[in-house]
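Start counting the sequence shown at 22; every next residue gets the next number (this note's numbering).
Glycine included, C-beta positions come from ideal geometry on N, C-alpha and C.
Written below as structure tokens is the structure these notes are about.
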Amino acid sequence: MEDKFARVVVDLANPGIGNKFFHYRISGQQLDLIQEGARVLVPFGGRKLSGFVTGFDSSPEIEEEKIRDIINVIDPFPLLTKELIELAGWISQLYLCPLSEVLKTIVPGFYAKVKAKEITLVRIKQFGEKTLTYIQEYEKRAPKQAQVLNLIMSQGEMPLKDLLEAAETSHQTVNALEKKGLVEFYKKRIIRDPFQKKLFGLSAKLKLNIQQSQALETIKSHLYKKESDTILLHGVTGSGKTEVYLQAIEEVIKEGREALVLVPEISLTPQMVSWFRARFGSLVTVLHSKLSAGERYDQWCRILEGEIKIAVGPRSAIFAPFTNLGIIIIDEEHESTYKQEESPRYDARKVAERRSWINKCPLILGSATPSVDSYYQAASGFNVLVKIDSRVEERPLPPVNVVDLKKEIKKGNKNFLSSELYREIESSLEKKQQVILFINRRGFASFVVCKECGFVQRCPNCSITLTYHSSGDQLKCHYCHYERKVPKLCPDCQGYYIRFLGLGTQRVEREVKEKFPFARILRMDRDSTSRRHSHQEIFKSFKQGKADILIGTQMVAKGLDFPRVTLVGVIAADTALNLPDFRAGERTFQLLTQVAGRTGRSSLGGKVLIQTYCPDHYSILTAMNHDYQEFYEKEMNLRKEFGYPPYSCMLRVVFSGSDEKDLSNIAGLFKETLDSLLESDKGDILGPGPCPLSKIKGRYRWHLVLKSSDLEIISQVGQKAFEDIYSTAKGKNIRIALDVNPLNML
Ligand SMILES: [Zn+2]
Ligand SMILES: [Zn+2]
């Protein structure tokens, strides 16, 4: 029989650049066993490494004698489907990262030694005279053997491990019985279940209101067409999008197809998973990084075997190995967690688009505050737009009021709490209702704001807020490196500046405690939620009314339902608004709208207070009026003027190293290389300069940004420059990270 050669992508600690694979010979009886997508063990140098078979060749372009044999296949069936192999190649090309890294992300635990788990059971071989006689006969001569037999008889069968424990005996006792033909061993595969014995109850279908039904009908019509359409479901907070998802999925399951549901973060969305389990029972699984490797492996196999029809999970769940997808749903599609921050820096929304295209199934993007990019796609007619603009049971959206902090300063109040917010908290507490106080955690970036008129200095080239550096009293742009001294007086009103240095949850907690000594306060931030289930514990005790005030960061803004919350206070909207990021306005609008959505969810009603120095900023005004459309138009004008996405594509290149001089040299060299590769009218380069987060874990960080209307140009030019500079940078211990269409600019 002729030899066949497999292309194997091997796990290398440092895969370098490009899509490297190695050829291995498949010999003799392996021929039928080794299929595309199989995980195999191969010799590599002096070691044995695992890898994935991604294809075959009959005559590779290297000497055949040098090709070594595959050692063995690891799993009973291929872990990767054809679709996932194709997808991995596509991601590797688009996001400029090695194929082996993509595979590692697709099949988590790919290189770990995780396998199917089997246990050994023991059962009686023949019930009847022989066994009974044996027990009687041996009760005195070999009491352990008799006891073991009795135990198995009473149970029918038993795991070997439990049996040995119960009888306090060794393996030999059981072996002796097996030799006599009284018992036999057999193996059984065990599923490591992430839900264990948790009960979910049942949930009946809810009746949809008119807008929900219309949304469902639109989704259904696209399901039946079997076309890869993207539908943007723009539904205000509390509009019952989840019920629409559930009923659409019911339809998909009826058609014999499968469903994938992405949520921003599994630990913040426990309700979502329980709703799905309650409706669809054991057809649903979760896939996320907090599962053990074994649990993940088993859920993966159950999907491949067709036992699971619905998977719910964060970003990485987009790789669930379904082969007959009928729908993909991305809830809270505007969340930046859908983009991975380390390599491969893929965007799950783009990957979802690709999978919907391959599977000819609709993709649903749901949000109360769609990302500007997704809305642009819908507004320009590429995607379908469906709106739900009323809340369930016709509950009104909460009234939002803005407190102008400049006036507080004039009144001589230097506290975090304005007198208005103080009064509102007091009144809620008197009525035994609950309060959420929201602080933007990413308030590390310092900026200066005029305390008289609220004026904030922006970069004339990039329009982003200038960051304050106390050394030299400088203001710097972190995109283009523009800098200037802090002016003595405000150019707008001749007033004086104040430095805004961000605030922490703990400081706010202290002040609130001082003002309301009898209130019970819970804090939710990174420090208070480092343990595995601490989010749920905090949410649970707040929901049960064990606290009056919840102080928290972004985490409290997610889709949770607290019926007794009647007041949401935003301590300082400015920290979000003045991040050195061109998406700061968008993020602020989204945050304020989401956080406002946490109140007014019951008949008690609710209100929102936003404290800010910039009460006239469009992000704040439009959030106050719940006016997405107006926000979108204002935001798009700015994006257009400065050529930001969706009017351009971007490549962000981040350099990091311990020597800042080397770093700036390499960054400069990279820019020169880009310049020489780029035709002058095909794109713009911003920077290089220090990142807003200029040092992480002792390593300095610089970045530059390449903008172009053509994604292909960005990829080609970026990849080429990277290949040119790679080894020089490596020699100086400098890392270069390429981020295509980045969401994080810090
Ligand atoms: Zn001013
Ligand atoms: Zn600039």
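1) To which residues does DSSP link E205 through a beta bridge?
2) Quick check: the Cα distance between H556 and M576, rounded to an integer number of angstroms?
3) Provide the residue span of the beta strand (DSSP E) that contains A27, from first to last.
4) Quick one: what's got a C-beta closer than 6 angstroms to K753's C-beta in the same chain, skipping five residues either side?
5) Only counting the same chain, and skipping five residues up and downstream in sequence, which positions put a Cβ closer than 6 angstroms to that of Y397?
6) Excluding the 5 residues preceding and the 5 following V128 in the sequence, name in chain order all residues of the same chain whose CB lies nearer than 6 angstroms to its CB.
7) Taking only three categories from DSSP, how would you classify G464?
8) Can the beta-carbon of I47 be found closer than 8 angstroms to that of K25?
9) Which partner residues of I717 appear in the DSSP bridge assignment?
10) What number of angstroms, rounded off, separates the C-alpha of T526 from the C-alpha of F743?
11) What residues come near ligand 1, if near means a beta carbon less than 6 angstroms from any of its heavy atoms?
12) Can you give me the start and stop residues for the alpha helix (DSSP H) that M293 sits inside?
13) Given 8 angstroms as the limit, is there contact between the segment 439-456 and the segment 277-292, that is, 3 or more CB pairs closer than that?
14) Within 7 angstroms: the Cβ of N482 and any heavy atom of ligand 2?
15) Identify the continuous beta strand (DSSP E) that holds C670 and give its terminal residues.
16) Using 7 angstroms as the cut-off, classify the Cβ of Y503 as near or not near the heavy atoms of ligand 2, replying yes or no.
17) Which value, in whole angstroms, describes the spacing of the CA atoms of G464 and L642?
18) For the alpha helix (DSSP H) containing A758, name the first residue and the last one.
19) Per the contact definition of three or more C-beta pairs closer than 8 angstroms, is the segment 415-424 in contact with the segment 630-650?
20) Any idea what DSSP makes of I95, helix, strand or coil?
21) At which residues does the alpha helix (DSSP H) containing I734 begin and terminate?
22) Could you tell me the boundaries of the beta strand (DSSP E) in which P119 lies?
23) Looking at the structure shown, is M576 part of a helix, part of a strand, or coil, going by DSSP?
24) Going by C-alpha distance, which of E607, G689 and R210 is nearest A594?
25) Do you know offhand how far G475's Cα is from F652's?
26) Is Y500 near ligand 2 - that is, is its Cβ less than 7 angstroms away from at least one heavy atom of it?
27) Around the C-beta of C514, are 16 or more other C-beta atoms found within 10 angstroms, so that it is buried, or is it exposed?
28) Ordered along the chain, which non-local residues of its own chain (more than five positions away) have a Cβ less than 7 angstroms from that of I106?
29) Going by beta carbon distance, what residues of the same chain come within less than 7 angstroms of K506, once the five residues before and after it are set aside?
30) Contact check, V413 vs L458 under 8 angstroms by CB: the rounded distance?
31) Using three-state DSSP, classify I287 as helix, strand or coil.
32) Mind pulling the alpha helix (DSSP H) runs of 4 or more residues that sit fully within the segment 599-629?
33) Please state whether the Cβ-Cβ distance between P335 and I324 is less than 8 angstroms.
34) Distance check for G222 and E272, CA to CA, integer angstroms please.
35) Less than 8 angstroms between the C-beta atoms of I9 and I735, yes or no?
Well, looking at it:
1) R144
2) 9 angstroms
3) K25 to V31
4) D683
5) P667
6) L100
7) Residue placement at G464 is poorly supported in this model, since its pLDDT is 44, which falls under 50; the coordinates still yield a value, given next. Coil.
8) yes
9) R720
10) 41 angstroms
11) C471, E473, C474, F476, C511, D513, C514 and G516
12) P291 to F301
13) no
14) yes
15) C670 to G678
16) yes
17) Reliability of the predicted coordinates at G464 is poor, the pLDDT of 44 falling under 50, and no value is obtained from them.
18) Unbroken run through A758 is the beta strand (DSSP E), R756 to V761; no alpha helix (DSSP H).
19) yes
20) coil
21) L732 to G752
22) Run containing P119: none; DSSP gives neither H nor E here.
23) helix
24) E607
25) 20 angstroms
26) yes
27) exposed
28) E57, G58 and T75
29) D494 and Q495
30) Actually they do not touch by this definition, with Cβ atoms about 26 angstroms apart.
31) helix
32) 605-617
33) no
34) 21 angstroms
35) The requested residue 9 is not part of the displayed model; the chain covers only 22 to 767.
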